[in-house]
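The next block holds one structure in the form of structure tokens; read it before the comments.
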Amino acid sequence: MLSITVRSASAGGRPLAAELSGINEVPGSGDPDGNGTARLWLNQGQAEVCYRLEVADVILPATGAHIHAAPVGVAGPIVVPLTPPNASGVSSGCVNADKELVKAIRQHSENYYVNVHTSDFPAGAVRGQLSK
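Per our numbering, residue 2 is the first one in the sequence shown, and the count goes up by one each step.
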């Protein structure tokens, strides 16, 4: 069960990062000019994922942002919804997530990705695999 409570992003917890690009989206391609970064901080003990997303060269504000479960080249299910970037291309906060999910993301970050959706790329404008 996932509950969403957005708070300010903090640097506490295990850091992960992703470089976001339109060419990483599957199936098909996302926004060819789109790019950005995702920074995550995982706190298993508090069952919390904090994040900061920054995107550029996409239609803003974004319409969605998520952490998905899948390796490179595969589209996977949403496991953690995030607040989409605003008209400035930025979003940040903290959301509650199941402790076992936070542990799985921390231990196997390569099997999870962040993507951001826009009105012209509703299936995903930019995507990046998480890494330590």
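C-beta: ideal position from N, C-alpha, C; glycine also. Fair warning: this is a prediction, and the values are worked out from it, not measured in the lab.
Which residue marks the beginning of the alpha helix (DSSP H) containing residue 108, and which one marks its end? On the sequence shown, residue 108 is found 107 positions in, with the first residue counted as 1. That run of the alpha helix (DSSP H) goes 100-108.
Contact test: residue 61 Cβ vs the ligand NAD heavy atom, cutoff 7 angstroms: No copy of the ligand NAD occurs in the structure displayed, which carries no ligand at all.
Quick one: what does DSSP say residue 20 is sitting in, helix, strand or coil? Position 19 of the sequence shown holds residue 20. Correct three-state label for residue 20: strand.
Within its chain, find whatever has a CB closer than 7 angstroms to the CB of residue 74; leave out the 5 residues flanking it on each side and keep chain order. On the sequence shown, residue 74 is found 73 positions in, with the first residue counted as 1. So the list reads 27, once near-sequence residues are dropped.
For a test of the three-state rule: what should DSSP assign to residue 49, helix, strand or coil? Within the sequence shown, numbered from 1, the residue matching residue 49 stands at position 48. The answer is strand: DSSP assigns residue 49 an E or B state.
Could you compute how far the alpha carbon of residue 121 sits from the alpha carbon of residue 88? For the purposes of this step, residue 121 is taken as the residue at position 120 of the sequence shown. For the purposes of this step, residue 88 is taken as the residue at position 87 of the sequence shown. Answer to the nearest angstrom: the Cα atoms are 15 angstroms apart.
Who are residue 125's beta bridge partners in DSSP? As a working note, residue 125 is residue 124 in the sequence shown. None, per the DSSP bridge assignment.
DSSP three-state call for residue 25: helix, strand or coil? By one-based count along the sequence shown, residue 25 stands at place 24. DSSP places residue 25 in helix when its eight states are reduced to three.
Do residue 81 and residue 98 have their C-beta atoms within less than 8 angstroms of each other? To locate residue 81, count along the sequence shown from 1; it is residue 80. To locate residue 98, count along the sequence shown from 1; it is residue 97. Cβ distance < 8 angstroms, so residue 81 and residue 98 count as in contact.
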